[in-house]
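First the structure, in the form of structure tokens, and then the observations on it.
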Amino acid sequence: MTRSPSLRPSAARAVAISDFRDLARRRLPRFLFDYIDGGSFDELTLRRNTSDLQAIALRQRVLKDVSRIDLSTDVLGQRWELPVGLGPIGLAGLNARRGEVQAARAAEMAGVPFCLSTVSACSLAEVRASVAKPFWFQLYMVRDRGFVRDMLHQAADAGCPVLLFTVDMPVPGTRHRDRRSGLSGASGLAGSLRRLAQALARPSWACDVGLRGRPHTLGNVAPLLGRRTGMEDFLAWTRDNFDPSVTWRDIDWVRENWRGPLVIKGILDPEDARLAQQAGADGVLVSNHGGRQLDGVRSTAEALPAVVDAVGDRLCVLADGGVRSGLDVVRLLALGARGVLLGRAWAFALAAAGQGGVSHMLDLMRAEMQVALALTGTARIADLGADSLDRPLERSRITPDLRSSRGPTSSPCPIPAPPS
Ligand code: GLV
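1 is the number of the first residue of the sequence shown in this note's numbering; add one for each residue after it.
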């Protein structure tokens with residue numbers, strides 16, 4: 001197992017994602033920990049994402065040759081060494097010094113994709129200059145289309161291989177924890193002092209990120225911010241600047257400005273998955289934004305099979321939500337996802353120990369997936385599918401679409417045609 005030499009002893013002892021969460025809670029100022037950890041309203045969907053996924057039972061199969069396990073997979077024409085990528089997370093760069101740079105390096109070392117958020121702390125140019133290979137870029141449609149066009153051109157010039165267009169956040173969800181912590185709803189001096197007090201209560205973060213990790217701004221959106229940082233009231237900034245008037249017709253506009261593979265992030269409904277396909281997307285990411293948007297909606301584990309049934313033979317279907325172990329990744333793959341994007345798992349690991357923490361987390365995931373595959377009698381990721389599910393149990397739990405059909409098969413993930 002490769003491990004960064006600089007890994008802090010506390011992080012080296014982490015054996016599960018929950019250990020990274022504990023470390024992150026102890027290391028981060030409250031407003032940052034709650035921002036990552038929290039969901040919207042009563043956090044029903046946040047909890048459902050984990051509990052529904054953990055309730056998926058796989059079939060235990062024996063006496064199959066599992067001496068060689070291959071965890072690699074092909075997604076949208078790219079080779080992933082593991083069937084996971086680091087999904088986009090706003091403000092992730094504040095979890096450790098120049099955090100997105102550290103996470104992108106860990107992803108590159110592990111041979112998995114990293115996706116930079118529009119609302120990252122480090123800019124696209126800063127992250128690109130820090131890694132050898134281009135990474136994915138995630139787009140939020142802000143009202144200023146000139147800015148969005150410029151961002152898309154920057155991403156293309158940087159060689160970003162895939163654009164992930166997030167569509168489930170026309171407005172930010174109602175997140176009580178962020179109001180309580182002062183990340184939102186507390187602008188001006190009072191808000192700054194509140195966040196400063198929380199930062200001073202975490203001296204190692206205050207030194208590593210607060211002092212040595214500047215600037216603290218939204219790197220990509222600097223042209224829209226003027227003299228502000230975007231951190232004064234982050235969620236108010238998103239509410240004022242994200243464009244809630246976007247419709248499927250705007251995908252044409254995105255397409256005019258982005259020639260590469262396009263994945264629509266935030267699909268939960270099979271009808272929306274079909275519309276994404278008609279709009280010309282190459283893939284969909286089944287997601288409820290980690291339970292941070294419409295509370296009470298179904299979990300991604302519950303939504304995924306119906307989306308795979310609807311479009312899985314034509315689009316690359318990815319999934320996120322509730323993943324807290326390599327076993328959870330295997331569960332989503334068995335439900336039909338072609339690849340899985342991690343969110344909180346890498347944000348906690350980054351907060352716990354920077355690049356070394358993310359590398360260690362990916363090592364743990366790799367080992368857990370190897371065991372899960374061996375115990376299900378599966379030698380290759382491509383062999384996971386409906387047959388890996390303990391059907392009688394699963395059929396009673398998953399959607400009617402799954403119960404009535406042949407069940408999901410893994411999305412074949414067609415390779416997108418090169419831009420003409
Ligand atoms: C942004 O992606 C958020 O969920 O706050």
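Glycine included, each C-beta is placed from N, C-alpha and C at the ideal position. Small disclaimer: the values here were computed from a predicted structure and weren't measured.
Quiz item: Mapping DSSP to helix, strand and coil, what is residue 135?
Solution: Along the sequence shown, read from residue 1 onward, the residue named residue 135 stands at position 135. Residue state, collapsed to three classes: coil.
Practice problem: Could you please go through the chain and list the residues whose beta-carbon is closer than 5 Å to any non-hydrogen atom of the ligand GLV? | Solution: Any heavy atom of the ligand GLV within less than 5 Å of a residue's beta carbon puts that residue on the list, which reads 90, 292.
Quiz item: Looking at the structure shown, is residue 61 part of a helix, part of a strand, or coil, going by DSSP?
Solution: Position 61 of the sequence shown, counting from 1, holds the residue named residue 61. If DSSP states are grouped into helix, strand and coil, residue 61 belongs with coil.
Exercise. Confirm, please, whether the CB-CB distance from residue 372 to residue 330 is below 7 Å.
Key: Indexing the sequence shown from 1 puts residue 330 at position 330. Indexing the sequence shown from 1 puts residue 372 at position 372. Yes; because the gap between Cβ atoms is below 7 Å, this pair is in contact.
Quiz item: If we call anything under 7 Å between Cβ atoms a contact, is residue 335 one with residue 110?
Solution: In the sequence shown, residue 335 corresponds to position 335, counting from 1. In the sequence shown, residue 110 corresponds to position 110, counting from 1. Not a contact, by the Cβ cut-off of 7 Å.
Quiz item: Cα-Cα, which of 198, 117, 113 is closest to residue 78?
Solution: The count along the sequence shown starts at 1 and reaches residue 78 at position 78. Out of 198, 117, 113, 113 has the C-alpha closest to the C-alpha of residue 78.
Practice problem: Under 7 Å Cβ to Cβ from residue 416, same chain only, skipping five residues before and after it: list those, please. | Solution: As a position in the sequence shown, residue 416 is number 416, starting the count at 1. Cβ neighbours of residue 416 beyond the five flanking positions: 76, 77, 261, 282.
Exercise. Compare the Cα-Cα distances from residue 232 to each of 243, 217, 172, 155 and report the closest residue.
Key: What you label residue 232 is simply residue 232 of the sequence shown in a count that begins at 1. Comparing Cα-Cα distances from residue 232 to each of 243, 217, 172, 155, the minimum goes to 217.
Self-check item: Bounding residues of the alpha helix (DSSP H) (the contiguous stretch that carries residue 329)
Solution: Taking the first residue of the sequence shown as 1, we reach residue 329 at position 329. Start and end: 326–334.
Quiz prompt | Own chain residues within Cβ distance below 6 Å of residue 99, not counting five before or after | solution = The residue you call residue 99 lines up with position 99 of the sequence shown. Excluding residues up to 5 positions away in sequence, 92, 93, 350 lie with their Cβ nearer than 6 Å to the Cβ of residue 99 in the same chain.
Practice problem: Give me the Cα-Cα distance between residue 201 and residue 212, rounded to the nearest whole angstrom. | Solution: As a first step, residue 201 must be located in the sequence shown, where it is residue number 201. As a first step, residue 212 must be located in the sequence shown, where it is residue number 212. Separation of residue 201 and residue 212 (C-alpha to C-alpha, rounded to the nearest whole angstrom) is 17 Å.
Exercise. Return the Cβ separation of residue 182 and residue 195 in integer angstroms, given the expectation that the two are a contact with Cβ distance under 8 Å.
Key: Working through the sequence shown from its first residue, we reach residue 182 at position 182. Working through the sequence shown from its first residue, we reach residue 195 at position 195. That belief holds up - the Cβ atoms of residue 182 and residue 195 are roughly 6 Å apart, short of 8 Å.
Quiz prompt | Straight-line Cα distance separating residue 382 from residue 408 | solution = Position 408 of the sequence shown, counted from the first residue, corresponds to residue 408. Position 382 of the sequence shown, counted from the first residue, corresponds to residue 382. Low per-residue confidence applies at residue 408: pLDDT is 48, beneath 50, and the placement is therefore not dependable, though the value from the model is reported in the following sentence. Between residue 408 and residue 382, the C-alpha separation is close to 13 Å.
Quiz prompt | Environment of residue 406 [buried if 16+ CB atoms lie within 10 Å] | solution = Numbered from its first residue, the sequence shown carries residue 406 at position 406. Because residue 406 carries a pLDDT of 40, less than 50, the predicted location of this residue cannot be relied on, and no value is offered for it.
Self-check item: residue 353 vs residue 11 beta-carbon contact at 7 Å
Solution: Within the sequence shown, numbered from 1, the residue matching residue 353 stands at position 353. Within the sequence shown, numbered from 1, the residue matching residue 11 stands at position 11. Their beta carbons are under 7 Å apart, which means residue 353 touches residue 11 by this criterion.
Quiz item: DSSP state of residue 84, grouped into three classes?
Solution: Taking the sequence shown and counting its residues from 1, one reaches residue 84 at position 84. Strand at residue 84.
Quiz item: Comparing alpha-carbon positions, which option in 389, 239, 118 lies nearest residue 222?
Solution: Position 222 of the sequence shown, counted from the start, is the residue given in the question as residue 222. Closest option to residue 222, Cα to Cα, is 118.
Self-check item: Three or more C-beta pairs below 8 Å linking the stretch 33–47 and the stretch 293–301
Solution: yes
Quiz prompt | Contact check, residue 343 vs residue 328, beta carbons under 7 Å | solution = In the sequence shown, residue 343 corresponds to position 343, counting from 1. In the sequence shown, residue 328 corresponds to position 328, counting from 1. For residue 343 and residue 328, no; Cβs fall outside 7 Å.
Self-check item: Short CB-CB distance (under 7 Å) between residue 366 and chain C
Solution: In the structure shown, chain C does not exist; there is a single protein chain.
Quiz prompt | Where the alpha helix (DSSP H) containing residue 20 begins and where it ends | solution = Along the sequence shown, read from residue 1 onward, the residue named residue 20 stands at position 20. Note, residue 20: alpha helix (DSSP H), 17–27.
Quiz item: Which residues bound the alpha helix (DSSP H) around residue 352?
Solution: Against the sequence shown, residue 352 aligns to sequence position 352. Here the alpha helix (DSSP H) through residue 352 covers 344–375.
Quiz prompt | Inter-residue CB distance, residue 304 and residue 286 (contact presumed, cutoff 8 Å) | solution = Along the sequence shown, read from residue 1 onward, the residue named residue 304 stands at position 304. Along the sequence shown, read from residue 1 onward, the residue named residue 286 stands at position 286. The Cβ separation is near 5 Å, so the contact holds.
Practice problem: Going by CA-CA distance only, name the one from 337, 37, 366, 101 that's closest to residue 325. | Solution: One-based indexing of the sequence shown puts residue 325 at position 325. Selected option, being the one with the closest Cα: 366.
Quiz item: Taking Cβ to Cβ, would you say residue 421 is nearer than 7 Å to residue 38?
Solution: No statement about residue 421 is possible, as the shown extent of the chain runs from 1 to 420 and does not include it.
Self-check item: Beta-bridge pairing of residue 389 - partner residues as DSSP gives them
Solution: Your numbering for residue 389 matches position 389 in the sequence shown. In the DSSP output, where bridge partners are listed per residue, residue 389 has 58.
Quiz item: According to DSSP, which residues form a beta bridge with residue 286?
Solution: Locating residue 286 in the sequence shown gives position 286, counting from the first residue. Paired residue(s): 267, 319.
Quiz item: What number of angstroms, rounded off, separates the C-alpha of residue 158 from the C-alpha of residue 390?
Solution: Taking the sequence shown and counting its residues from 1, one reaches residue 158 at position 158. Taking the sequence shown and counting its residues from 1, one reaches residue 390 at position 390. Taking the straight line joining both Cα atoms gives about 44 Å.
Quiz item: Are the stretch 308–318 and the stretch 56–74 in contact at 8 Å, needing three or more beta carbon pairs?
Solution: Because the criterion of three Cβ pairs below 8 Å is not met, the stretch 308–318 and the stretch 56–74 do not touch.
Quiz item: Who are the near neighbours of residue 370 in its chain, counting only those whose CB is closer than 6 Å to its CB and skipping five residues on each side?
Solution: Along the sequence shown, one-based indexing puts residue 370 at 370. Hits under 6 Å: 69.
Quiz item: For the alpha helix (DSSP H) that contains residue 297, what are its first and last residues?
Solution: Translated into the one-based positions of the sequence shown, residue 297 becomes position 297. Unbroken run through residue 297: none, as it is neither H nor E.
Exercise. Please work out which residues of its chain come closer than 6 Å, Cβ to Cβ, to residue 404, disregarding the five sequence neighbours upstream and downstream, and give them in chain order.
Key: To locate residue 404, count along the sequence shown from 1; it is residue 404. Confidence at residue 404 is low in this model, with a pLDDT of 39, below 50, so the placement of that residue is unreliable and no value is reported for it.
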